[in-house]
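Sequential numbering from 21 applies to the sequence shown in the numbering used here.
No residue lacks a Cβ here, since even glycine has one placed at the ideal position from N, Cα and C.
Structure, as structure tokens:
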Amino acid sequence: MCKFPQISYMCCMAAVLLRSGATFTQQPTDLVVVAGQPVTLPCSIPGYHGMVLWLRDGMALGVNRDLSGYPRYDIVGDHSKGEYHLLIQRTEMQDDAFFECQAIQAAIRSRPARLTVLVPPDDPVIVGAPVVSLRAGDHLNLTCHANNAKPAASIIWIRNGLVLSGAMYSKTLLRDGRRESTVSTLYLSPSNIESGQQITCRASNKAAPNGKDATVTIDIQHLPLVNLTVEPQPVLEGNLVKFHCSAKANPPVLYYRWAKGGSVIPEVSDDTYEVVVDHSFFTEPVSCEVTNALGNTNISRNVDVYFGPRMAAEPQSLQVDQGSDAVFNCAWTGNPSLTIVWMKRGSGVVLSNKNTLTLKAVKQEDAGKYVCRAVVPRVGAGEKEVTLTVNGPPTISSTQTQQALYGEKGQIKCFIRSTPPPDRIVSHSTVLESGTSGRYTVETVSTEEGVISTLTMSNIVPADFQTIYNCTAWNSFGSDTEIIRLKEQGERPLPISDISLSLSLSLSLLDLKGVVSAKNDIRVEIVHKDHNAARESDEHTSIKQMMVSRCEPVLKQLEVLQEEEKEFQHIKVGNEEEYPGRVSNSREPRRNTVARIQRARFPLSFTRAKSGGSISLKKKFRHIWPLHQHNLCSGLMGASRSALADSTTSLFSHRSRLLKTAQSQVGELCWGIQIFGAVSANLIFTVFKSHLSQVSHCR
């Protein structure tokens, strides 16, 4: 017998059941259920009317239909048929266990059944969603979390319907030991992403076979992407042009700023700029600067403006020595491409098609105006003129026969091109430098082209038409000479061969009328001197030395006579020097003619032949007659007329006058012969030729 009543009761009931043969027609089996869903575990014992007990993981849930401690649990089924099914509503993770149904009185139990509860992952979460922003050029790093899943969730990344590869995964088991969390990280390069794209993170497991999605939008932020258009192009200078600045920016555009050639255009602030263009738009670009929160972008455009030539590097006039090279540089800008041409003014010959014009070993004829001309086809042309000045011997260009009216004012002009120009005037006893002396006035005017020396006679007399004038120009490079005569206006010019005859006849007529010249020869001299270089050409020096060597013997003999004259007169002759610029109206000679020869350069002169002197006193100069006979005879002929005109004076005064006049004339004759050369010397001798027959020793 059983000692305890309850146990005894149960033992008795078990014995009854065993004797009755109660068995399970339905018993629980392994099931898989998704959390939250209901599930029923079957348990049927037909004909059994005793207690039924459900156990979860070995723990009793309750007896018969009383499961009050588990509100989600119910015992369902027909009791009369022995049905004791366990209904679990809204399964939870704690329901994931082994369940067993027992018939207490029958002393039987069902086999253990495993209820597996599946837990879908929580909704996946993408870090930074729904919009992930990054700067252009940066890599994209997306992270997706799928938590609390059983089993652990699988994560895939999808873009435009395609699964992206290369993601990395990690799983973490939660404290309940059943659920897991999954983390997936996706890396994308800048070239593999675009702004506005959507990327999906999909997490799935057996509880959620279709998966759960989380989507993120990619926002690539960048500086403004700017495009600047110019219309129309090309365009002719002076026409309207429209600039349009279109920009794509993320974040949006804040403002626009326009500039030209680096200078801001404050009056324009939107995306369009209209302006009438000139040539500067070809070289000075127009820029559009667009700014957003990340920074700014600047883009510029030059306008294809068609414009005529404009000077970029202006050529400079040059002054070079004869024989040197002359190099001119000239630069133009123009659009379309221009053509450069170098020419000499007045000549159609193209000297160069480059920016540089080089003239090798220039001559005086190379001097002049040169033109650098640029042509832009169908647009326009431009030119710049420069002057080439060649330092060289002077060049005289004057009319050999010039006209005047008898009794009126007359002029003889001599035009000299000379570089370097004259800067000093010197004189001697018969030289009129400038200003007025009697009826003669000399003016020298410098112009851009050269020097004009003008001899003005206030009252033209017949002798002026029989005078020969020599215009000679000198500088440190050499000399040039021009013979000029004055012709009565309306009269036919005389040939050069008739000059000597006409002049002789005129002088004879003057003698018959008793007219005596009261003035010495009139000569204007201008010396060209280069103060900067302070140079004197070898040619100049050699001519001076030659003149001194040839004339000095004659002049020294005349000086001996002068000393004798002093002894006769017992008069002390002063040693006064004649100052430059002074005009001599007397017949007094210079004290030292040789010194005068050495000082003077005699570059520019007007010489007037004159009358005077006596032939009857030739015998008084016996001791100097053999010296340079022809030169002295020519000088004496100049003195003869003057001596005859004064027949009442004493022999001594005649000798004195003749001495001084001869000395001056011989000196001038020596100058003329040496400076003017063979042609001028012949002319000088021609003037006296008709009178030589009067002197027996000169025949």
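Anticipated Cβ contact below 8 Å, residue i with residue j, distance rounded
i, j, result
"I178", "T220", "4 Å"
"P329", "G412", "Not really, about 34 Å apart at Cβ, beyond 8 Å."
"A42", "I128", "6 Å"
"R398", "P414", "Actually they are not in contact, since the Cβ atoms of R398 and P414 sit about 47 Å apart, beyond 8 Å."
"G388", "K364", "6 Å"
"V295", "V261", "6 Å"
"I480", "A424", "5 Å"
"L256", "R321", "The Cβ separation is near 18 Å, so there is no contact."
Residue i vs residue j beta-carbon contact at 8 Å
i, j, result
"V166", "P144", "The sequence shown places Ala at residue 166, rather than the Val named in the question. It is a contact, given that the beta carbons lie within the stated cut-off."
"A73", "Q125", "According to the sequence as given, residue 73 is Leu; it is not Ala. Going by C-beta atoms, L73 is not nearer than 8 Å to Q125."
"A726", "I240", "Any answer about residue 726 is impossible in this case: the structure gives the chain only from 21 up to 719."
"V462", "G470", "no"
"M396", "G354", "In the sequence as displayed, the identity of residue 396 is Val instead of Met. Contact flag set, yes."
"S209", "N270", "no"
"Y276", "V323", "no"
"V410", "Q342", "yes"
"A333", "N349", "yes"
"R222", "I146", "no"
"R134", "D50", "yes"
"G102", "S64", "yes"
"T439", "Q336", "no"
Identified DSSP bridge partners for residue i
i, result
"K404", "C392"
"T237", "V151 and Q218"
"R199", "Paired residue(s): none; R199 is not in a bridge."
"A123", "V72 and I128"
"M79", "R76"
"C308", "W278 and I319"
"C164", "I146 and S204"
"T476", "Q431 and T461"
Span separating the alpha-carbon of residue i from that of residue j
i, j, result
"V614", "V382", "With a pLDDT of 34 at V614, under the threshold of 50, the predicted position of this residue should be treated as unreliable, and no value is reported."
"T202", "Q114", "22 Å"
"D86", "V59", "18 Å"
"R393", "L358", "10 Å"
"S499", "V325", "55 Å"
"E508", "K374", "54 Å"
"E304", "S344", "41 Å"
"R76", "D142", "27 Å"
"I319", "A351", "30 Å"
"P482", "Y426", "7 Å"
"L193", "T163", "19 Å"
"L652", "C491", "Because L652 carries a pLDDT of 44, less than 50, the predicted location of this residue cannot be relied on, and no value is offered for it."
"P254", "V370", "31 Å"
"H69", "I108", "23 Å"
"S307", "A267", "13 Å"
"N212", "V52", "42 Å"
"L243", "G315", "6 Å"
"L160", "L154", "7 Å"
"H105", "G89", "17 Å"
"T419", "S496", "25 Å"
"G510", "Q422", "11 Å"
"F301", "K280", "8 Å"
"V465", "T501", "19 Å"
"S185", "P171", "23 Å"
"E112", "D98", "26 Å"
"G148", "M71", "59 Å"
Residue of the options minimising C-alpha distance to residue i
i, options, result
"L61", "V83, N212 and E120", "E120"
"Y390", "W362, G97 and S289", "W362"
"V137", "N168, T407 and E502", "N168"
"T378", "A401, L408, L245 and R398", "L408"
"I238", "P91, G186, T487 and D158", "D158"
"K429", "L184, G458 and S174", "G458"
"T476", "Y460, S289 and V465", "Y460"
"A346", "R321, G366 and Q384", "Q384"
"T402", "I175, F327, E257 and D233", "The sequence as given places Gly at residue 402; Thr does not occur at that position. Nearest option by C-alpha distance: F327."
"Q218", "E257, W278, V152 and S283", "V152"
"P66", "D50, Q46, N84 and L256", "Q46"
"A493", "F435, V139 and D484", "F435"
"L81", "V273, A228 and F118", "F118"
"Y489", "S283, T474 and E112", "T474"
"N230", "A187, A173 and L274", "A173"
"A227", "D291, E257 and G56", "G56"
"S100", "D298, R110, L256 and N84", "N84"
"S478", "V340, G148, Q431 and T439", "Q431"
"S289", "R505, V340, L274 and T467", "L274"
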